[in-house]
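Student:
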Amino acid sequence: MDKFVIQGQRLLRGTLRVSGSKNTALPLMAAALLANGTTSIRNVPSLRDIKTFSYVLRISGAKVQHMPEDDRLEIDASAVDFPEAPYELVKKMRASFYMLGALLGRCGRARVSLPGGCAWGPRPVDLHLKGMEAFGATIELDGGYVIARTPRGGLPGGSFTMEPSSVGATVNLALAAVTARGVSRIENAAREPDVVEFCRTLQQMGAKIDGIGTTTLEIEGVDALEPVTVNNCPDRIELGTYMIAAALAGSREEPLRITGGNPAHLGEAFANAFKQTGTRVEANADGLLVHRPDTLQPVSITTGVYPGFPTDLQAQWTVLMTQADGPSSVRDTIYTDRFKHIPELNRMGVNARVEQNTVHIDGNQPVKAAQVMSTDLRASVSLVLAGLIAKGETHVLRVYHLDRGYESLERKLSDAGAQVRREAYDEFAAPDPQEV
Ligand code: EPZ
-13 MDKFVIQGQR
-3 LLRGTLRVSG
7 SKNTALPLMA
17 AALLANGTTS
27 IRNVPSLRDI
37 KTFSYVLRIS
47 GAKVQHMPED
57 DRLEIDASAV
67 DFPEAPYELV
77 KKMRASFYML
87 GALLGRCGRA
97 RVSLPGGCAW
107 GPRPVDLHLK
117 GMEAFGATIE
127 LDGGYVIART
137 PRGGLPGGSF
147 TMEPSSVGAT
157 VNLALAAVTA
167 RGVSRIENAA
177 REPDVVEFCR
187 TLQQMGAKID
197 GIGTTTLEIE
207 GVDALEPVTV
217 NNCPDRIELG
227 TYMIAAALAG
237 SREEPLRITG
247 GNPAHLGEAF
257 ANAFKQTGTR
267 VEANADGLLV
277 HRPDTLQPVS
287 ITTGVYPGFP
297 TDLQAQWTVL
307 MTQADGPSSV
317 RDTIYTDRFK
327 HIPELNRMGV
337 NARVEQNTVH
347 IDGNQPVKAA
357 QVMSTDLRAS
367 VSLVLAGLIA
377 KGETHVLRVY
387 HLDRGYESLE
397 RKLSDAGAQV
407 RREAYDEFAA
417 PDPQEV
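Start counting the sequence shown at -13; every next residue gets the next number (the numbering used here).
(1) Taking residue 279 as the reference, which of 397, 270, 264, 289 has the closest Cα?
(2) Going by the C-beta, is residue 110 closer than 6 Å to any heavy atom of the ligand EPZ?
(3) Among residues of its own chain, excluding the 5 on either side of residue 249, which ones have a beta-carbon nearer than 6 Å to its beta-carbon?
(4) Return helix, strand or coil for residue 256, following the three-state DSSP convention.
(5) Any heavy atom of the ligand EPZ closer than 6 Å to the beta-carbon of residue 99?
(6) Residue 142 to residue 113, Cα distance in whole Å?
(7) Would the stretch 71 to 80 count as touching the stretch 120 to 128 if we require 3 or more Cβ pairs under 8 Å?
(8) Mark residue 411 as exposed unless 16 or more other C-beta atoms lie within 10 angstroms of its C-beta, in which case mark it buried.
(9) Quick check: residue 406 and residue 396, are their CB atoms within less than 7 Å of each other?
(10) What's the gap between the Cα of residue 196 and the Cα of residue 204?
(11) Which class does residue 295 belong to by DSSP, given the choice of helix, strand or coil?
(12) Select from 202, 162, 153 the residue whose C-alpha is nearest the C-alpha of residue 172.
(13) Quick one: any contact between the stretch 372 to 385 and the stretch 3 to 22, if contact means 3 or more CB pairs under 8 Å?
(14) Determine the direct distance from the alpha carbon of residue 233 to that of residue 382, and round the result to whole angstroms.
(15) Could you tell me which of 361, 401, 372 sits nearest to residue 384, measuring between CA atoms?
(16) Looking only at its chain, what residues have a beta carbon closer than 7 Å to the beta carbon of residue 284, apart from the 5 residues adjacent to it on each side?
(17) Classify residue 5: buried if its beta carbon has 16 or more other beta carbons within 10 angstroms, exposed otherwise.
(18) Span of the alpha helix (DSSP H) holding residue 396?
(19) For residue 138, which option in 392, 42, 166 has the closest C-alpha, if you only look at C-alpha atoms?
(20) Could you tell me if the beta carbon of residue 152 falls within a distance shorter than 6 Å of some heavy atom in the ligand EPZ?
(21) Under 8 Å by Cβ, that's how I've got residue 84 and residue 158 pegged, so tell me the actual separation to the nearest angstrom.
(22) Tell me which residues share the same chain as residue 43 and place their Cβ nearer than 7 Å to its Cβ, disregarding the 5 neighbours each side in the sequence.
(23) Compute every distance between the C-beta of residue 320 and the non-hydrogen atoms of the ligand EPZ, then say whether any falls below 6 Å.
(24) Classify residue 51 as helix, strand or coil using the three-state DSSP reduction.
(25) How would you write the range of the beta strand (DSSP E) that residue 275 sits in, first residue to last?
(26) Kindly indicate which three-state DSSP category residue 184 falls into: helix, strand or coil?
(27) Which residues does DSSP pair with residue 58 in a beta bridge?
(28) Suppose contacts are defined by Cβ-Cβ distances below 7 Å. Is residue 198 in contact with residue 219 by that definition?
(29) Should residue 295 and residue 260 be called a contact, given that it needs their Cβ atoms to be closer than 7 Å?
(30) Any idea what DSSP makes of residue 5, helix, strand or coil?
(31) Please report how far the alpha carbon of residue 190 lies from the alpha carbon of residue 342, in whole angstroms.
(32) Do residue 297 and the ligand EPZ come close, with the Cβ less than 6 Å from some heavy atom?
(33) Tell me, please, which residues DSSP counts as bridged to residue 158.
(34) Are at least three pairs of beta-carbons, each pair with one atom in the stretch 126 to 134 and one in the stretch 88 to 101, less than 8 Å apart?
(35) Which of the three DSSP states is assigned to residue 309 in this structure?
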């Protein structure tokens, strides 16, 4: 396994570049299955999740080629004839469940494993299944698999109201509905930028969708979609993570430059909270210049659906708030128990306590280096941020979680002045008795 070894308290200077969005690339890859031909997606990051989903697509018969030298992915979906997604891959990455909508849309049937649990608690898929049924599919559960079928002649379409709003269910239902024979309506649909970019791509492929960017999507089925060439958008969570890194560990003499991101995709709540910390952000044609303030103001946040504060940035915000000039809190209303990073931060001397769905954080805290364990993608990056400001050498174990969603993180941070290196280690090696 790999770990990151971080020498703390090195200031960030220079430039951090944001890669293509993971959470947009995945639905775009699923959409490619709906077109008989080769879809080309540009600005696709080299990440473990992209690799995993490429395997999932190949099982269905698609040919997938990733050209990391120019961040391009080509998906030839001329021969999609095996409508299955096996447990071995779906359990590794929940977004593989997008195969349900994609295969139903393309083949009229699908056998897709249920994803099971996730590192920080239950993540149900009931809305995906109820939505498909509302659109006229039959759904059966058998041996841990969902078997979905459209009636003869295609999916009739129908109406479905989501409660709560769900990114994944909106994507899955849209994938099934764009080639239905009738009209489908999704109420309380997600309007996260990932979903908006995905719906626009479906439109470019010939789908008829009204209401993109609102909470009501109306989709009129068409016979087939056409393959396209599409540009994936930048990763908004990577951008937010780097903005937080700049406010936390940037040089006060020189702002950190962040290129390639789209700040509008972070939503108003993040922009407002970031401004309230006293961190100044200048936007120019090149990207953002983030000026680390002399004093960081405490700002409490509550996560919400877009344009609310993204749940995928709450762990990083918690680390930022350890350096604020006073106490604050972080409340997650999307995933109410996504706090696996807190006991690890406690091991670094951070005083943060979880009460129900809220973390209470003391300000002005010294952070001490320690050996800590990654548990999921965003928890892991929060530990890396803590390592950047810690006194001493921090070891972040199990960085395979980070490799799912941050492209070349150790290289990007090192190029910007941090000291982060990747090292292989044997997690099950017995400790040397001389050292114990
Ligand atoms: C997407 O997950 C993202 N994943 C997550 O990012 C992100 O945290 C999440 O949206 C929220 O923004 C991808 O895009 C691949 P949801 P998703 O369905 O679609 C409840 C990361 O770190 N719900 O929008 O699975 C659910 O429990 C990942 O990159 C149901 O009750 O999230 C949650 O409370 C992690 N029933 C809320 O909806 C359902 O059937 C929102 O979840 C589905 C969801």
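We treat Cβ as the ideally placed atom computed from N, Cα and C, and that holds for glycine.
Tutor: Reading from the atomic positions:
(1) Here residue 279 is taken as the residue at index 293 of the sequence shown, counted from 1. For the residues 397, 270, 264, 289, the minimum Cα distance to residue 279 belongs to 264.
(2) The sequence position of residue 110 within the sequence shown is 124, counting from 1. At least one heavy atom of the ligand EPZ is nearer than 6 Å to the Cβ of residue 110, so yes.
(3) For the purposes of this step, residue 249 is identified with residue 263 of the sequence shown, where counting begins at 1. Within the same chain, no Cβ atom closer than 6 Å to the Cβ of residue 249 is found once the five residues on either side in sequence are excluded.
(4) The residue labelled residue 256 in the question sits at position 270 within the sequence shown. In this structure, residue 256 counts as helix in the three-state DSSP scheme.
(5) The sequence position of residue 99 within the sequence shown is 113, counting from 1. Every heavy atom of the ligand EPZ is 6 Å or more from the Cβ of residue 99, so no.
(6) As a first step, residue 142 must be located in the sequence shown, where it is residue number 156. As a first step, residue 113 must be located in the sequence shown, where it is residue number 127. Cα to Cα, residue 142 sits roughly 18 Å from residue 113.
(7) no
(8) Counting from 1 along the sequence shown, the entry for residue 411 is found at position 425. The residue is exposed, with fewer than 16 neighbouring Cβ atoms inside 10 Å.
(9) For the purposes of this step, residue 406 is taken as residue 420 along the sequence shown, with counting starting at 1. For the purposes of this step, residue 396 is taken as residue 410 along the sequence shown, with counting starting at 1. Taking 7 Å as the Cβ cut-off, residue 406 and residue 396 qualify as a contacting pair.
(10) As a working note, residue 196 is residue 210 in the sequence shown. As a working note, residue 204 is residue 218 in the sequence shown. Between residue 196 and residue 204, the C-alpha separation is close to 5 Å.
(11) The residue labelled residue 295 in the question sits at position 309 within the sequence shown. Three-state DSSP puts residue 295 in a strand.
(12) Within the sequence shown, numbered from 1, the residue matching residue 172 stands at position 186. Nearest option by C-alpha distance: 202.
(13) no
(14) Within the sequence shown, numbered from 1, the residue matching residue 382 stands at position 396. Within the sequence shown, numbered from 1, the residue matching residue 233 stands at position 247. Their Cα atoms are separated by approximately 21 Å.
(15) Start at 1 with the first residue of the sequence shown, and residue 384 comes out as number 398. Taking only the C-alpha atoms, the option nearest residue 384 is 361.
(16) Counting from one through the sequence shown, the residue named residue 284 turns up at place 298. Correct list, in chain order: 307, 310, 311, 312, 313, 314, 349.
(17) By one-based count along the sequence shown, residue 5 stands at place 19. Classification for residue 5: buried.
(18) On the sequence shown, residue 396 is found 410 positions in, with the first residue counted as 1. Its alpha helix (DSSP H) spans residues 395 to 401.
(19) Walking along the sequence shown from the start, residue 138 turns up at place 152. Measuring from the Cα of residue 138, the nearest candidate turns out to be 166.
(20) As a first step, residue 152 must be located in the sequence shown, where it is residue number 166. At least one heavy atom of the ligand EPZ falls within 6 Å of the beta-carbon of residue 152.
(21) As a first step, residue 84 is located in the sequence shown; it is residue number 98 there, counting from the start. As a first step, residue 158 is located in the sequence shown; it is residue number 172 there, counting from the start. Contact holds; Cβ gap of about 6 Å.
(22) Here residue 43 corresponds to residue number 57 of the sequence shown, with the count starting at 1. Here the set comprises 15, 19, 50, 61.
(23) By one-based count along the sequence shown, residue 320 stands at place 334. A distance criterion of 6 Å places the beta-carbon of residue 320 in contact range of the ligand EPZ, judged by its closest non-hydrogen atom.
(24) Taking the first residue of the sequence shown as 1, we reach residue 51 at position 65. Residue 51: strand per DSSP, three-state reduction.
(25) The residue you call residue 275 lines up with position 289 of the sequence shown. Residues 273 to 277.
(26) The residue labelled residue 184 in the question sits at position 198 within the sequence shown. Here residue 184 sits in helix by DSSP.
(27) Taking the first residue of the sequence shown as 1, we reach residue 58 at position 72. Residue pairing from DSSP places residue 58 in a beta bridge opposite 53.
(28) The sequence position of residue 198 within the sequence shown is 212, counting from 1. The sequence position of residue 219 within the sequence shown is 233, counting from 1. Contact: no.
(29) Position 309 of the sequence shown, counted from the start, is the residue given in the question as residue 295. Position 274 of the sequence shown, counted from the start, is the residue given in the question as residue 260. Contact: no.
(30) Here residue 5 refers to the residue found at position 19 when the sequence shown is read from its first residue. Under the three-state reduction of DSSP, residue 5 is assigned to coil, being neither helix nor strand.
(31) If you number the sequence shown from 1, residue 190 lands on position 204. If you number the sequence shown from 1, residue 342 lands on position 356. One C-alpha to the other measures close to 44 Å.
(32) Translated into positions along the sequence shown, residue 297 becomes position 311. Because some heavy atom of the ligand EPZ lies under 6 Å away, the Cβ of residue 297 counts as near it: yes.
(33) Within the sequence shown, numbered from 1, the residue matching residue 158 stands at position 172. Residue 158 pairs with nothing; no bridge assigned.
(34) In this structure the stretch 126 to 134 lies against the stretch 88 to 101, because at least three pairs of beta carbons, one per stretch, are closer than 8 Å.
(35) Here residue 309 refers to the residue found at position 323 when the sequence shown is read from its first residue. Residue 309: coil per DSSP, three-state reduction.
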